[in-house]
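Structure record follows, encoded as structure tokens.
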Amino acid sequence: MKIKEDKGITGKFLSDILHKKGLISEKDVDRIMKVQKDIGKDLQNIIIELDILKKDEMMIALADEIGVKYVNLDDTDIDPVIVVLIPEDMARRHQLIVIDKDEDKLTIAMANPLDVFAYDEIKIRLGYNIEAVLSYGEDINKALDEVFGVTDEWDQVIDKIENMPVTVLKEEEREADISGVTAGEEAPVVALVNLIILRAVKEKASDIHIETISDETLKVRYRIDGILHDVMSLPRQLHLAVISRVKIMSDLDIAERRLPQDGRIQVNVSGRKINIRVSVLPTVNGEGVVLRILDPVSILLELNSLGFSKDILPKFESLIKKSNGIILVTGPTGSGKSTTLYTTLNILNSTEKKIMTIEDPVEYKLKGINQVQAKPKIGLTFAAGLRSFLRQDPDIMLVGEIRDKETAEVAVQAALTGHLVLSTLHTNDAPSSVIRLIDMGVEPFLISSSVIGVLAQRLVRKICPKCKKETASTPDTTKILEEYEINVSKITLYKGKGCSHCKDTGYKGRIAIFELMIITDNIRDLITRNVTTGKLREAAIKEGMCLLKEDGLKKVHEGITTIDEILRVAST
Numbered sequence: 001m002k003i004k005e006d007k008g009i010t011g012k013f014l015s016d017i018l019h020k021k022g023l024i025s026e027k028d029v030d031r032i033m034k035v036q037k038d039i040g041k042d043l044q045n046i047i048i049e050l051d052i053l054k055k056d057e058m059m060i061a062l063a064d065e066i067g068v069k070y071v072n073l074d075d076t077d078i079d080p081v082i083v084v085l086i087p088e089d090m091a092r093r094h095q096l097i098v099i100d101k102d103e104d105k106l107t108i109a110m111a112n113p114l115d116v117f118a119y120d121e122i123k124i125r126l127g128y129n130i131e132a133v134l135s136y137g138e139d140i141n142k143a144l145d146e147v148f149g150v151t152d153e154w155d156q157v158i159d160k161i162e163n164m165p166v167t168v169l170k171e172e173e174r175e176a177d178i179s180g181v182t183a184g185e186e187a188p189v190v191a192l193v194n195l196i197i198l199r200a201v202k203e204k205a206s207d208i209h210i211e212t213i214s215d216e217t218l219k220v221r222y223r224i225d226g227i228l229h230d231v232m233s234l235p236r237q238l239h240l241a242v243i244s245r246v247k248i249m250s251d252l253d254i255a256e257r258r259l260p261q262d263g264r265i266q267v268n269v270s271g272r273k274i275n276i277r278v279s280v281l282p283t284v285n286g287e288g289v290v291l292r293i294l295d296p297v298s299i300l301l302e303l304n305s306l307g308f309s310k311d312i313l314p315k316f317e318s319l320i321k322k323s324n325g326i327i328l329v330t331g332p333t334g335s336g337k338s339t340t341l342y343t344t345l346n347i348l349n350s351t352e353k354k355i356m357t358i359e360d361p362v363e364y365k366l367k368g369i370n371q372v373q374a375k376p377k378i379g380l381t382f383a384a385g386l387r388s389f390l391r392q393d394p395d396i397m398l399v400g401e402i403r404d405k406e407t408a409e410v411a412v413q414a415a416l417t418g419h420l421v422l423s424t425l426h427t428n429d430a431p432s433s434v435i436r437l438i439d440m441g442v443e444p445f446l447i448s449s450s451v452i453g454v455l456a457q458r459l460v461r462k463i464c465p466k467c468k469k470e471t472a473s474t475p476d477t478t479k480i481l482e483e484y485e486i487n488v489s490k491i492t493l494y495k496g497k498g499c500s501h502c503k504d505t506g507y508k509g510r511i512a513i514f515e516l517m518i519i520t521d522n523i524r525d526l527i528t529r530n531v532t533t534g535k536l537r538e539a540a541i542k543e544g545m546c547l548l549k550e551d552g553l554k555k556v557h558e559g560i561t562t563i564d565e566i567l568r569v570a571s572t
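Quick look at the structure:
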């Protein structure tokens, strides 16, 4: 059984309303309908995640069209006592929540106030009259989770499984439908693993860690916004059953417990397919599993949604429109390089261009693009793949990472023969990338004649909008801001105090900060002369390069993040 899609007012009805009111263009309509067709996600979610409209703008327009009031649940105090007047199963089935009660009348926030079946069921079963208001479906789901929680569902599954003898599950299809299960609908181990994955997807986790920390417990953690959070501790005896279930889903050898294994799972959530990369590693406490969630919606953004400032965005857009040259994206693991590159490929993708990639692994499958999985064991390395690409008449090539001299030299050859090449490096900033290529053995004159730009990036957490509040500047903060000519007296600083929405961290979601070095004639000359990183950096700053820290402080100025976050990821 598939998870049911949100029942909000979506599809052509919604896009027609927004277009009629002048809030979105024909181009926007085509884009969001294409994304919905590709990944099957609810249209309201797509519009918000692609940053086409703000949530309130979209919902106010929709409420006005259907003649009801819009209520933002983020700004509403919800009383659990009245929420439970409507049973949880009914509330979730119709995607609604009680927000007020006056004698026999309930004010109900609904994702779809046109749902006449909901009115009839509440009136017949419960006897209440209804005043309906419109609210965003995801906000309703979160509010229901906060009131009803998921603890009971976890507990029901665990109670069923913890005293059972461990049995090996039969092989099932690799493409699994993650069910909106209740504890009794499926085999307990299946239900438990499905719940773990489903909750991770809903909470926008990037990774799930399932590992035995001690002899007593099996711990489950989610990485959300770059930080690991404890989710639950399971009885140790569930270890083999849970790991075996994950192995079956990812088509791995359930009998092999001595060697690391890698696999993939494809699950179906709300009608959209999500790929999960699986890594199993034997440890002294037993096998541990990490599941990397690859949600395709994350690569269907516009560049400005990633965090590009108005100063950097036009420069980067100009770079990617060039017909030849190497563009490098650099940063540590987990800094968002893949998202930037996939988003760039989506923008460049058209019937007039042939785009080819060689990756290890292929994280997302892109329509209209020829993607190749590198297989070094049989000789299909990044360098070998690029050489083959040159005989395939491509316009644009992406190589997952430049790791060695051979790959770098083939990338240079491709750029010099009229191709646009995109790739990544692991360096701390943009100027260091040039020195890294020289250290690999690439001649400086080849670098200067082929590389056209380097983009360094990091991900910083955004302040939680639900608990965001003003905060005073400390002496250290003032000193840092003044170093970059930001007048503290003329800006308002913010921080999140912590709430249930952000798991008491004060942060919700992430955004990138960037440092873009354009290879100008002056910098090209310096590269040829093999100058130091420091000299390159000084020249790039004079040419207009904004440092990572500087771009981050602009986002502090705009109230998006905090100085603590900038210092955490870009201290230099």
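Residue numbers (my numbering): 1 to 572.
A virtual CB, placed ideally from N, CA and C, is assigned to each residue, including glycine.
Comparing C-alpha distances from residue 287 to each of 67, 255, 48 shows the shortest one belongs to 255.
Distance between residue 292 and residue 317, taken at the CA atoms: about 30 angstroms. Rounded to whole angstroms, the separation of the alpha carbons of residue 79 and residue 336 is 39 angstroms. Check the Cα spacing between residue 17 and each of 34, 364, 44: the tightest is with 44. Annotation: the stretch 514-538 contains the following complete segments of the alpha helix (DSSP H) (minimum length 4 residues), in chain order: 521-528. Beta-bridge partners assigned by DSSP to residue 214: none are found. Distance from residue 290 to residue 279 at the Cβ level is roughly 5 angstroms; contact confirmed, criterion being Cβ atoms closer than 8 angstroms. Taking a 10 Å sphere around the C-beta of residue 483, we find fewer than 16 other C-beta atoms and assign the residue as exposed.
Residue 439 carries a helical assignment under DSSP once its states are collapsed to helix, strand and coil. DSSP places residue 68 outside both helix and strand once states are collapsed to three, so it counts as coil.
In the three-state reduction of the DSSP assignment, residue 552 falls in the helix class, which pools H, G and I.
Membership of residue 266 in the beta strand (DSSP E) is indicated by the continuous run 261-269.
In this structure, the CA atom of residue 459 is about 12 angstroms from the CA atom of residue 560. Counting only residues of its own chain and dropping the five nearest sequence neighbours on each side, residue 416 has a CB closer than 7 angstroms to the CB of 449, 450. Between residue 86 and residue 98, the beta carbon gap of about 6 angstroms places them in contact (Cβ cut-off 8 angstroms).
When the alpha-carbon of residue 426 is set against those of 192, 334, 464, the nearest one is in 334. Residue 489 counts as exposed, since fewer than 16 other C-beta atoms from the protein chains shown sit within 10 angstroms of its C-beta. CA-to-CA, the gap between residue 463 and residue 558 works out to about 11 angstroms. Taking a cut-off of 8 angstroms on C-beta distances, the stretch 119-133 does not touch the stretch 53-60, as fewer than three cross pairs fall below it. Pairing residue 552 with residue 567, the inter-Cα distance amounts to about 9 angstroms. The criterion of a C-beta distance shorter than 8 angstroms is not satisfied by residue 382 and residue 456. In this structure residue 245 touches residue 189 by the C-beta definition: roughly 5 angstroms separates them, less than 8 angstroms. Per DSSP, the continuous beta strand (DSSP E) segment holding residue 233 begins and ends at 227-235. Assignment of residue 373 by DSSP, reduced to helix, strand and coil, places it in the strand class. Shown here, residue 411 sits in a helix according to DSSP, grouped into three states. Shortest Cα-Cα distance from residue 94 to any of 227, 494, 134, 104 involves 134. Residue 497 is positioned such that its CB atom lies closer than 8 angstroms to that of residue 469.
At the C-beta level, residue 550 and residue 520 stay beyond 8 angstroms of one another.
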